[in-house]
Amino acid sequence: MPPRTGGRHYDIAGLIKKLEEIHKELGDEKDEKEKNEDDTDEFTRLKKMSAKQMTEIRRMITERDELLSSSGGGGKAAVQMSSRIRELIRNAHDLHGKMQEKLSKEEKEVAKGKVSACGFQ
1005 MPPRTGGRHY
1015 DIAGLIKKLE
1025 EIHKELGDEK
1035 DEKEKNEDDT
1045 DEFTRLKKMS
1055 AKQMTEIRRM
1065 ITERDELLSS
1075 SGGGGKAAVQ
1085 MSSRIRELIR
1095 NAHDLHGKMQ
1105 EKLSKEEKEV
1115 AKGKVSACGF
1125 Q
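Count along the sequence shown from 1, then add 1004; that gives the number in this note's numbering.
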């Protein structure tokens, strides 16, 4: 006897097929994006990662501010969010340091004549 589902009968095979079709449609776009990201240089990859981090930080600050204004103090959840935000800001600061190092290294190579200004040898 099949398990009870609250009076509903699901076609599991049909649902799995739909999920596979959706994954195939969306997966191709994701694979294409990943392929394009693999073609970029390290600085561009770091720059994109930094932009994603900044977006996440802004979103979390907005959520924390809403939490603080709605509950009058936020309590433990607000403190935890603030801590997470500070951690993300430290990570973003470290990432910007890496970007700065990469940029200064490339500028030195260009000055020495090892690499042209457009990045080609």
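The beta-carbon is built from N, C-alpha and C at its ideal position, and this holds for glycine as well.
Fair warning: this is a prediction, and the values are worked out from it, not measured in the lab.
Closest option to ILE1089, judged by alpha-carbon separation, among SER1073, ARG1068, GLY1077, LEU1107: ARG1068. In the DSSP assignment, LYS1102 falls within the unbroken alpha helix (DSSP H) covering 1079-1116.
A direct Cα-Cα distance of roughly 24 Å separates VAL1083 from LEU1099. Under the three-pair Cβ rule at 8 Å, the segment 1047-1060 counts as touching the segment 1103-1115. Separation of LEU1019 and HIS1027 (C-alpha to C-alpha, rounded to the nearest whole angstrom) is 12 Å. The straight-line gap separating the alpha-carbon atoms of LYS1112 and LYS1118 is approximately 9 Å. Within its own chain, the residues whose Cβ lies closer than 7 Å to the Cβ of SER1086, once the five positions on either side in sequence are excluded, are ARG1068, listed in chain order.
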